[in-house]
Amino acid sequence: MAKKKTSLYREFVKGLWDDNPVLRMLLGLCPALAVTNSAINGLAMGMATTFVLLSSSIIISLLRKVIPHQVRIAGYIVIIATFVTVADKFLAAFLPEISKSLGPYVPLIVVNCLILGRQEAFSSKNNVGRSILDALGMGTGFIFVLVVLGGIREILGSATLFNLQILGDWFNPWMIMILPPGAFLTLGILIGLGNWLNERKVKV
Amino acid sequence: MSEIEENKPKPEPKPVEKKKPDPRKKLAKPDKMLILNSSPHLHTTKSVKSIMWSVVIALFPAMAMAIYYFGLPAVWMILTCVAAALGAEIIMNLMKGEKITIIDGSAIITGILLALTLPPSFRLTSAALGSIVAITLGKHIFGGLGYNIFNPALLGRAFLQASFPVAMTTWSNPITPKFENTDAISTATPLGSFKFEKIFTDYSDMLIGNIGGSLGETSAIAVLIGGIFLLILKNADWRIPVSILVTVTIFGSIFWMLNPAQYPDPLFHILSGGLLFGAFFMATDMVTSPITTKGAWIFGIGIGILVVIIRLFGGLPEGVMYSILLMNGATPLINRYTRPRIFGESKK
Amino acid sequence: MNNTAKMIIVLTIITGLSGGILSSWDNITKPKIEYHRLQALKAAISEVLPQYDYYDELEAEGTTLYVGRIEDQNEPVGIAFTTQGSGFQGNISMMVGVDPSFNAITGLKVLEQVETPGLGTKIVTDPSNKSNPLWFPEQFVGVNLFPAITVVKNIKPSTKNEIQAISGATITSKAVVDIVNGNISRIKNLYQSTD
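Here the protein sequences come in this chain order: A, V and E.
Letter by letter, the first sequence follows residues 1 to 204 in the numbering used here.
Letter by letter, the second sequence follows residues 205 to 552 in the numbering used here.
Letter by letter, the third sequence follows residues 553 to 747 in the numbering used here.
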């Protein structure tokens with residue numbers, strides 16, 4: 001509870017860069033690697049994850065004094081799984097195309113350590129307001145990385161961005177970018193770039 | 205080398221004279237000083253630079269044959285790859301704030317090796333991309349020459365193979381007077397035509413290089429000349445190519461004897477594809493192959509077995525690149541387990 | 553309240569609420585999901601069969617045959633069925649339409665596949681072929697089923713039962729053809745025995 005002194009603004013903004021879930025904390029790498037072969041998939045995955053993160057953060061923050069310590073993980077998982085199933089069914093019912101291209105990775109949000117990690121580290125210790133800000137910040141940071149990752153991979157791997165042709169016929173798409181190795185390469189380079197930028201920020 | 209260090213765990217303050225019984229000395233012969241210093245113990249006049257340039261010279265026959273058979277496109281391909289490799293090397297040197305290292309020749313070799321493993325009609329821009337990937341992701345990301353795990357040229361090629369799978373497997377016929385039609389006709393490599401259509405290619409064509417294939421790998425003789433030159437200069441460990449070729453021969457023969465109609469004979473294995481080129485120029489890369497002699501044998505045998513398995517049972521006709529890359533990955537492990545025992549160390 | 557009882561009560565309430573929310577949400581979304589599934593099925597059937605007014609479903613030995621018919625005509629326009637088999641990396645499932653006498657294919661559409669993006673996925677669409685991205689599945693239209701369909705490489709098909717392979721994805725192309733070849737006799741027998 002010593003954290004109480006941090007400003008509300010700080011709670012939101014930390015997830016964007018300083019504690020960015022993917023680039024700084026290396027959490028939630030499975031969806032970040034698996035579904036980001038296009039920007040739209042990255043966006044959808046990021047939104048679904050943010051929805052689950054936000055909803056479960058609210059509930060768990062509200063229930064933080066009710067859930068007994070010994071069974072908290074079980075309780076969290078049930079709550080998270082509920083919201084994941086809601087999100088999964090929602091996509092299948094209203095956005096069937098996206099649901100099809102995300103495949104099994106929507107149900108797999110349950111085991112995304114980003115979500116459980118935030119519940120354990122933050123929501124279970126802070127009030128609802130702060131938990132919402134934290135979840136929104138983390139979610140936005142997650143969406144940001146997934147869209148950038150998906151965008152880079154889509155431009156280089158299919159010469160399109162959000163399904164719009166942006167590179168001409170002269171460009172030979174790099175097939176590797178939409179395959180799993182492309183995800184690892186791009187993510188590695190992004191993390192390296194993030195560290196490089198951070199180092200410069202510290203020096204200045 | 206000349207330094208004599210008593211590498212004792214704790215240099216105690218009281219003077220420890222040699223006369224004092226040291227438990228470790230019981231193992232050594234008496235009256236001999238025990239010299240303990242860290243390797244390397246043997247120095248040579250060879251430098252990275254001299255080795256690298258000798259490899260460039262060794263690649264001349266293969267380059268000459270590539271230009272003879274595939275004409276001007278081969279020249280452009282080699283120049284593009286080398287230029288892109290040098291450019292990437294300079295940029296990476298500048299980014300890391302270190303001395304420009306293009307003079308050591310390693311980037312030039314990477315460029316040439318990559319160019320020689322590409323199909324003749326491959327796009328030059330894509331080839332340059334492969335070169336840049338080879339130098340940046342293959343070498344400098346790991347810390348530069350000597351720190352890379354995988355052979356940079358092969359890593360660049362693997363990147364291209366995954367990026368442009370169709371272009372990387374579209375071969376054109378060599379342009380020789382023998383062929384009336386000098387337009388680039390798409391053709392299959394001997395391995396490809398055997399795998400998919402069970403057609404054999406003439407051995408004499410495979411020996412001199414009058415076949416479809418990557419620029420530098422088609423002519424077995426040219427590759428052999430360069431390779432033997434390297435071995436004579438002792439700039440490549442002879443154990444590696446020998447163990448690869450022997451393993452492929454033995455392992456290939458087993459399958460051939462089981463079913464000659466289904467599996468090609470060992471000579472075909474050796475002459476076709478990039479096996480000779482890979483065995484002499486790629487696998488022998490000093491950075492990415494084991495340092496112990498026992499390790500070199502294991503490394504070569506591993507490559508040989510993988511090559512035959514991929515060629516006969518894999519989805520691709522050729523497997524030399526992946527075999528070498530896989531064994532590159534296993535090299536640290538091989539080094540660890542074939543480390544010579546320190547004198548007196550007990551066998552487990 | 554003692555701790556154990558509290559644990560049990562809290563967890564029971566959470567799981568109970570979760571179950572309640574999910575079952576009501578399922579009730580809301582189920583018709584929609586089912587609707588999308590049916591739409592996709594209808595779209596696939598209409599893509600592989602010639603123009604029809606309605607279709608009948610024939611269930612036989614766990615396989616569903618969709619028989620497309622025109623009003624007031626006795627003879628159906630074609631039979632569509634889903635079939636699957638292994639491709640290069642995983643299962644390929646597709647909807648195939650054939651004429652009522654099982655002579656030729658009237659259409660083929662790949663429903664699900666996990667082939668290599670950019671290579672094997674060309675069995676669905678080929679973005680590199682700007683003029684006709686559907687050239688691969690469209691090749692099957694009019695192809696004769698007996699004798700078995702064969703795959704040719706790099707050349708245009710010369711007979712009525714040849715399919716040109718996708719360059720770089722020969723194995724996937726062959727897999728599609730093999731799935732058709734391997735299942736067609738069974739489907740033919742099924743249809744003729746139920747008819």
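Just so it is clear, CB atoms sit at the ideal spot from N, CA and C, and this is done for glycine as well.
This one's a predicted model, so the numbers in the text were calculated from it and none came from an experiment.
Could you check where the beta strand (DSSP E) with residue i kicks off and where it finishes?
i      : result
L766/E : Since the first residue shown for chain E is 553 and the last is 747, residue 766/E is missing from the structure and cannot be characterised.
A357/V : Not the beta strand (DSSP E): A357/V falls in the alpha helix (DSSP H), residues P356 to S367.
L601/E : That residue, L601/E, is in no beta strand (DSSP E); it is neither H nor E in DSSP.
T85/A  : No beta strand (DSSP E) holds T85/A; the alpha helix (DSSP H) holding it covers R72 to F94.
According to DSSP, what are the bridge partners of residue i?
i      : result
G637/E : I644/E
I715/E : V703/E
L161/A : L164/A
Y607/E : G620/E
L657/E : Leu is not the amino acid found at residue 657/E; the sequence shown has Ile there. Paired residues: V650/E.
E664/E : S645/E
If you draw a straight line from the C-alpha of residue i to the C-alpha of residue j, how long is it?
i      : j      : result
T386/V : A278/V : A caution first: T386/V carries a pLDDT of 43, below 50, which makes its placement in the model unreliable, though a value can still be read off. Answer to the nearest angstrom: the Cα atoms are 15 angstroms apart.
V147/A : L33/A  : 12 angstroms
K214/V : R543/V : Low local confidence applies: a pLDDT of 48 at K214/V is under 50, so the model's placement there is unreliable, with the coordinate-based value given in what follows. Those two C-alpha atoms are separated by around 26 angstroms.
K705/E : T746/E : 38 angstroms
M256/V : S476/V : 27 angstroms
A388/V : T373/V : Its pLDDT being 44, under 50, A388/V is placed unreliably by the model, and the measurement read from it follows with that caveat. Going by the C-alpha atoms only, they are around 14 angstroms apart.
T668/E : G506/V : 28 angstroms
K100/A : S131/A : 31 angstroms
L102/A : M531/V : 35 angstroms
F654/E : G720/E : 31 angstroms
K89/A  : L574/E : 10 angstroms
G137/A : I77/A  : 21 angstroms
V619/E : A595/E : 14 angstroms
I715/E : N20/A  : 51 angstroms
N713/E : N463/V : 32 angstroms
N127/A : L114/A : 19 angstroms
G139/A : M647/E : 40 angstroms
T321/V : A357/V : 9 angstroms
L437/V : I176/A : 39 angstroms
F383/V : K343/V : Here the model assigns F383/V a pLDDT of 42, short of 50, so the residue's position is not dependable, and the following value carries that caveat. In a straight line, the C-alpha of F383/V is about 41 angstroms away from that of K343/V.
M490/V : F264/V : 20 angstroms
C285/V : S335/V : 6 angstroms
E421/V : G188/A : 33 angstroms
Just the chain E side, please: which residues come within less than 9 angstroms of residue i by C-beta, in chain order?
i      : result
P369/V : T668, G670, L671, G720 and A721
T36/A  : The contacting residues do not exist; T36/A stays about 13 angstroms from chain E at best.
F90/A  : W577 and T581
V111/A : Those do not exist, as V111/A stays about 17 angstroms from chain E at its closest Cβ, beyond 9 angstroms.
A32/A  : Chain E residues near A32/A: none, gap ~18 angstroms exceeds 9 angstroms.
What residues from chain A crowd round residue i, counting only those whose CB sits closer than 7 angstroms?
i      : result
A366/V : M175, I176, L179 and P181
R327/V : N172
S376/V : Chain A residues near S376/V: none, gap ~18 angstroms exceeds 7 angstroms.
Within the continuous alpha helix (DSSP H) that includes residue i, where are the two ends?
i      : result
E154/A : V128 to S158
G506/V : T497 to F517
E302/V : Where E302/V is concerned, there is no enclosing alpha helix (DSSP H), given that its DSSP letter is neither H nor E.
D409/V : Y407 to I412
T453/V : R443 to L462
V732/E : T722 to T746
T329/V : L328 to T340
I60/A  : A39 to L62
L484/V : First, the residue type needs correcting, since residue 484/V is Phe and not Leu in the sequence shown. Looking at the DSSP string, F484/V is not in any alpha helix (DSSP H), and its letter there is neither H nor E.
H69/A  : Where H69/A is concerned, there is no enclosing alpha helix (DSSP H), given that its DSSP letter is neither H nor E.
T314/V : S310 to L320
T249/V : Element bounds for T249/V: n/a, residue is neither H nor E.
I474/V : P470 to L475
I178/A : It is not in any alpha helix (DSSP H) - I178/A carries neither H nor E in the DSSP assignment.
In chain A, what lies closer than 9 angstroms to residue i by C-beta?
i      : result
F363/V : W174, I176, P181 and L185
So which residues of chain E does residue i contact, with C-beta pairs closer than 8 angstroms?
i     : result
V86/A : I573, L574 and W577
So residue i contacts chain A; which residues on that side make the cut at Cβ distance below 8 angstroms?
i      : result
L563/E : V71, A74, G75 and V78
S570/E : V78, I79, A81 and T82
By the criterion of Cβ-Cβ separation under 7 angstroms, what are the contact partners of residue i in chain E?
i     : result
P96/A : H588
Interface residues of the stretch 160 to 171 of chain A facing chain V [CB-CB below 7 angstroms]:
Residues: none.
Would you list, in chain order, the members of the stretch 636 to 662 of chain E that have their beta-carbon closer than 8 angstroms to a beta-carbon of chain V?
For the stretch 636 to 662 of chain E, which is checked against every Cβ of chain V, the residues closer than 8 angstroms are F640.
Using a Cβ-Cβ cut-off of less than 7 angstroms, list which residues of the stretch 68 to 82 of chain A approach chain E; keep chain order.
Residues P68, Q70, V71, A74, G75, V78, I79 and T82.
What are the residues in the stretch 489 to 522 of chain V lying within 8 angstroms of chain E by C-beta distance?
Only G519 from the stretch 489 to 522 of chain V bring a Cβ to less than 8 angstroms from some Cβ of chain E.
Quick one: which residues of the stretch 328 to 342 of chain V get their C-beta closer than 8 angstroms to a C-beta of chain A? List them in chain order.
So the list reads T329, S330, L333 and L341, given in the order they occur along the chain.
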